[in-house]
Amino acid sequence: MNSEGIRLLNGRWYNTEELANLLGVDASTVRRWRTARPPQGPPFVQVSERVTMYNALDVEAWLRSKRVDPAAAA
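Counting in UniProt numbering, the sequence shown runs from 1 upward without gaps.
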């Protein structure tokens, strides 16, 4: 396992377009998150200059960190 305890070679991976479809946003939004300074959005792996991949476990953890529970906030 890597330092975060996530096995990166096991599990589902998404490219930018697949992640955008999954999240219901435009691919340009995912690219903007990635190129913002500091970077926003889920963690990513820059496989090459033109290929960026997102691990499903990282995406789930990122979504969980963005989750707002109105009942807990009351």
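The beta-carbon is built from N, C-alpha and C at its ideal position, and this holds for glycine as well. Quantities reported herein were computed from a predicted structural model and do not represent experimental measurements.
Here asparagine 55 is not near glycine 24, since their CB atoms are 8 angstroms or more apart.
In the DSSP assignment, no residue is bridged to threonine 16. Under DSSP, glutamine 46 shares a beta bridge with Thr52. Ranked by Cα distance from lysine 66, the options Glu49, Gly41 and Met53 are led by Gly41.
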